[in-house]
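Heads up: the sequence shown is residues 217 to 640, going by my numbering.
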Amino acid sequence: MKEKELKWDKLDNTAHLFPVIAGESMSNVYRISVTLKENIQKELLQKALEQVLPWFDVFRVRIRYGVFWYYFETNQKPAPIVKEEYRYPCQYISPNRNRNYLFRVNYYKNRINLEVFHVLTDGMGGITFLKELTYQYLRLAHPKLKEKLGDGLCSDTSLNREDSYLKNYKKSHKKGYQTERAYLIKGEKLKPLELGVMHGYMPIQSLKKVCKEYGVSINEYLVSAFLWSIYQECLHGMPSKRPISSCVPVNLRPYFDSITMKNFFVIVSAVFHPQKENYSFEEVTQIVSESLRSQINREHLENLFAYNVSNEKNFILRAVPLFIKNIAIRHVYHNSALANTTTVTNIGNIQVREEYQEYIEGFYAFLSMSEGQNIKGTICSYRDTLVFTISSNLADVSVQRGFFRRLSEDGIPVRIETNGVYEE
């Protein structure tokens with residue numbers, strides 16, 4: 217019976233990359249956390265995970281190695297074991313451990329952490345799963361919620377598993393991604409597997425006021441401030457042969473009416489090339505906002521993923537054995553990875569059902585490191601607070617200090633919190 221119940225599924229177009237490049241030194245794992253107003257009860261969190269996981273086929277899989285492609289297979293094992301956090305975040309999730317699941321759930325005091333191997337889904341898919349896990353936990357911890365709301369998923373929660381890249385693919389031969397090498401931040405690194413995390417909490421209304429003065433969006437302002445900090449702290453306001461460039465992931469769902477739980481995003485690059493001395497922050501903000509606005513439109517975004525999908529659909533490439541594909545993918549990734557200094561991703565504003573709001577303090581998210589990128593930023597907001605989280609494997613924190621100083625100089629009050637790595 218169990219053999220008959222096994223199902224298999226293809227990886228989405230973006231996911232093909234992650235199992236090829238992932239390992240202990242580059243995990244491709246991201247974390248999304250929710251902070252409650254009460255301490256977590258381990259047994260209830262484990263029970264909540266066991267109850268929620270069967271609904272989410274995107275998470276209830278293991279990865280397999282085929283002749284031509286990796287593929288997913290339904291994971292028949294019990295849910296992963298929930299543990300109290302005891303090691304550094306975003307470590308590699310081995311396909312042969314953790315009961316073969318490609319995500320983990322742990323907790324610390326009043327915080328629930330969901331860590332996801334990017335092969336499963338992007339940040340939007342991770343948020344959907346974490347919200348339902350949190351709702352289920354709160355219903356178990358507060359029976360009055362269960363009496364009022366029942367025990368099912370929220371009506372607006374999607375379980376859709378389509379590959380939206382393939383569904384929205386239109387033939388294109390344009391290569392959308394840049395390959396010019398960018399300025400890379402180097403320096404003394406933290407110990408192996410250590411990841412320094414610094415959160416900056418700020419009121420959204422203050423941020424909006426400043427952004428209005430500069431004539432830019434919140435996303436454009438924060439990306440500009442991050443690149444400005446790199447320019448000031450690493451280049452000391454001097455010209456550079458190479459541009460300072462940030463990957464900026466764009467959620468494609470709103471542009472193509474998708475509700476998929478799988479990955480559906482592309483990367484655009486915010487580029488600032490300092491060709492003279494002492495650019496003002498206003499100049500950098502203008503350059504970065506223009507760079508982003510020229511790329512974030514449906515036609516350009518469509519071209520970006522169409523080029524990738526065309527390679528996947530190429531009959532000759534499809535027939536190439538997986539081990540040869542992997543060599544080619546690593547080579548292409550190496551070249552493209554060095555085209556960006558950093559990544560700044562915006563998870564967006566997380567909204568929860570009104571009935572649960574009194575129990576939830578907030579959310580934040582951050583990324584693991586990747587080739588050439590030793591520092592990254594993640595934006596996440598809940599209600600009236602935005603959190604900009606900087607994750608880094610470098611011992612020096614001058615970029616972080618410069619970034620938060622820039623915000624403070626613009627009149628934005630920032631409360632800073634770290635995971636303790638820099639205090640050791």
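Heads up, the beta-carbon is just placed ideally off N, CA and C, and yes, glycines get one too.
Exercise. Going by the CB atoms, is the gap between Pro296 and Arg280 shorter than 7 Å?
Worked result: Translated into positions along the sequence shown, residue 280 becomes position 64. Translated into positions along the sequence shown, residue 296 becomes position 80. No, Cβ-Cβ distance for Arg280 and Pro296 is not below 7 Å.
Problem set entry | Uninterrupted beta strand (DSSP E) stretches inside the segment 277-333 (no shorter than 3 residues) | 277-281, 286-290, 319-324 and 327-333
Exercise. To which residues of the same chain is Pro235 closer than 7 Å at the C-beta, ignoring the five residues directly before and after it?
Worked result: As a first step, residue 235 is located in the sequence shown; it is residue number 19 there, counting from the start. Only Ile279, Tyr286 and Val335 meet the Cβ criterion.
For this session: Mind the definition here: the segment 340-360 touches the segment 247-266 only if three or more C-beta pairs lie below 8 Å; say whether that holds.
Result: yes
Problem set entry | Boundaries of the alpha helix (DSSP H) in which Glu570 is found, first to last residue | Translated into positions along the sequence shown, residue 570 becomes position 354. Careful: Glu570 lies outside any alpha helix (DSSP H) and carries neither H nor E.
Exercise. Who does His602 pair with in a DSSP beta bridge?
Worked result: Numbered from 1 along the sequence shown, position 386 holds the residue referred to as residue 602. Inspection of the sequence shows that residue 602 is occupied by Leu rather than by His. In DSSP, Leu602 forms a bridge with Met418 and Ser597.
For this session: Run the CB neighbour count on Lys218, radius 10 Å, all protein chains shown included, and call it buried at 16 or more, exposed below.
Result: For the purposes of this step, residue 218 is identified with residue 2 of the sequence shown, where counting begins at 1. Bear in mind that a pLDDT of 42 at Lys218, under 50, signals an unreliable position, so the model cannot answer this.
For this session: With DSSP collapsed to three states, give me the class of Thr373.
Result: Along the sequence shown, one-based indexing puts residue 373 at 157. Coil.
Exercise. In its own chain, which residues sit with a C-beta less than 6 Å from the C-beta of Asn635, not counting the 5 before and 5 after it?
Worked result: One-based indexing of the sequence shown puts residue 635 at position 419. Cβ neighbours of Asn635 beyond the five flanking positions: Val413.
For this session: Per DSSP, which residues does Gly239 bridge with? Please list them.
Result: Along the sequence shown, read from residue 1 onward, the residue named residue 239 stands at position 23. BP columns for Gly239 point to Met242.
For this session: Determine the direct distance from the alpha carbon of Phe480 to that of Ser496, and round the result to whole angstroms.
Result: Taking the first residue of the sequence shown as 1, we reach residue 496 at position 280. Taking the first residue of the sequence shown as 1, we reach residue 480 at position 264. Looking at the two C-alpha atoms, the distance is approximately 36 Å.
Problem set entry | Ser374 to Leu269 span [Cα, whole Å] | Translated into the one-based positions of the sequence shown, residue 374 becomes position 158. Translated into the one-based positions of the sequence shown, residue 269 becomes position 53. In a straight line, the C-alpha of Ser374 is about 14 Å away from that of Leu269.
Problem set entry | Lys220 versus Phe488 - alpha carbon distance | Mapped onto the sequence shown, residue 220 falls at position 4. Mapped onto the sequence shown, residue 488 falls at position 272. Because the pLDDT of Lys220 is 46, which lies under 50, any placement of that residue in the model is unreliable, and the number read from its coordinates should be weighed accordingly. Cα to Cα, the separation comes out at about 55 Å.
Exercise. Can you name, in chain order, every residue of its own chain whose Cβ lies under 6 Å from the Cβ of Met242, other than the five neighbours on each side?
Worked result: Counting from one through the sequence shown, the residue named residue 242 turns up at place 26. So the list reads Ser586, once near-sequence residues are dropped.
Exercise. In the structure shown, what three-state DSSP assignment does Thr644 receive?
Worked result: Nothing can be reported for residue 644: it is not among the residues displayed for the chain, which extend from 217 to 640.
For this session: Reducing DSSP to helix, strand and coil, say where Lys220 ends up.
Result: As a position in the sequence shown, residue 220 is number 4, starting the count at 1. Per-residue confidence for Lys220 stands at a pLDDT of 46, beneath the threshold of 50, marking its modelled position as unreliable; no derived number is given.
For this session: Figure out for me which residue from Ser462, Glu633 and Val525 has the closest Cα to the Cα of Asn590.
Result: The count along the sequence shown starts at 1 and reaches residue 590 at position 374. Cα-wise, what sits closest to Asn590 is Ser462.
For this session: Tell whether a beta-carbon distance below 7 Å holds between Phe345 and Val245.
Result: Position 129 of the sequence shown, counted from the start, is the residue given in the question as residue 345. Position 29 of the sequence shown, counted from the start, is the residue given in the question as residue 245. Going by C-beta atoms, Phe345 is not nearer than 7 Å to Val245.
Exercise. Hey, would you say Ile628 sits closer than 7 Å to Leu369, going by beta carbons?
Worked result: Taking the first residue of the sequence shown as 1, we reach residue 628 at position 412. Taking the first residue of the sequence shown as 1, we reach residue 369 at position 153. No, Cβ-Cβ distance for Ile628 and Leu369 is not below 7 Å.
Exercise. Just curious, the alpha helix (DSSP H) that Asn542 is in, first and last residue?
Worked result: Translated into positions along the sequence shown, residue 542 becomes position 326. Taken as a continuous stretch (DSSP letters only), the alpha helix (DSSP H) holding Asn542 covers Leu538 to Ala553.
For this session: Please name the residue, chosen from Ile545, Asp612 and Lys299, that lies closest to Glu259 on a Cα-to-Cα basis.
Result: As a first step, residue 259 is located in the sequence shown; it is residue number 43 there, counting from the start. Taking only the C-alpha atoms, the option nearest Glu259 is Lys299.
Problem set entry | Pairwise C-alpha distance: Ser607 and Glu528 | For the purposes of this step, residue 528 is taken as residue 312 along the sequence shown, with counting starting at 1. For the purposes of this step, residue 607 is taken as residue 391 along the sequence shown, with counting starting at 1. In a straight line, the C-alpha of Glu528 is about 32 Å away from that of Ser607.
Problem set entry | Spatially closest choice to Val426 from Glu633, Leu623, Ile248 and Lys226, by CA coordinates | One-based indexing of the sequence shown puts residue 426 at position 210. Residue Leu623 is the option with its Cα nearest to Val426.
Exercise. Tell me, which residues are paired with Gln589 by DSSP?
Worked result: Mapped onto the sequence shown, residue 589 falls at position 373. Looking at the DSSP assignment, Gln589 forms a beta bridge with Ser586.
Problem set entry | For Arg631, three-class secondary structure by DSSP | Counting from 1 along the sequence shown, the entry for residue 631 is found at position 415. Strand.
Problem set entry | Entirely enclosed alpha helix (DSSP H) segments - the segment 414-490, minimum 4 residues | 420-430, 434-450 and 469-472
Problem set entry | Residue from Thr290, Tyr324, Arg303 and Tyr323 whose Cα sits closest to the Cα of Arg315 | The residue labelled residue 315 in the question sits at position 99 within the sequence shown. Checking every option, the nearest Cα to that of Arg315 belongs to Thr290.
Problem set entry | Enclosing alpha helix (DSSP H) for Val268 [first to last residue] | Numbered from 1 along the sequence shown, position 52 holds the residue referred to as residue 268. Residues Lys258 to Val268.
Exercise. When you compare each of Ser445, Val439 and Trp444 to Pro465 by their alpha carbons, which one comes out closest?
Worked result: Start at 1 with the first residue of the sequence shown, and residue 465 comes out as number 249. Of Ser445, Val439 and Trp444, the residue nearest in Cα terms is Val439.
Exercise. Using 8 Å as the Cβ pair cut-off and three pairs as the minimum, do the segment 560-578 and the segment 538-547 touch?
Worked result: no
Exercise. So, using beta-carbon positions, are Pro459 and Ala398 closer together than 7 Å?
Worked result: Counted from its first residue, the sequence shown places residue 459 at position 243. Counted from its first residue, the sequence shown places residue 398 at position 182. The answer is yes: Cβ separation under 7 Å.
Problem set entry | Range covered by the alpha helix (DSSP H) that runs through Gly618 | Indexing the sequence shown from 1 puts residue 618 at position 402. Start and end: Ser614 to Glu625.
Exercise. In whole angstroms, what is the alpha-carbon distance linking Ala486 and Leu508?
Worked result: On the sequence shown, position 270 is the one that residue 486 refers to. On the sequence shown, position 292 is the one that residue 508 refers to. The alpha-carbon atoms of Ala486 and Leu508 are separated by roughly 6 Å.
Exercise. Ordered along the chain, which non-local residues of its own chain (more than five positions away) have a Cβ less than 7 Å from that of Ser445?
Worked result: On the sequence shown, position 229 is the one that residue 445 refers to. Result list for Ser445: Val615, Gly618, Phe619 and Arg622, in chain order.
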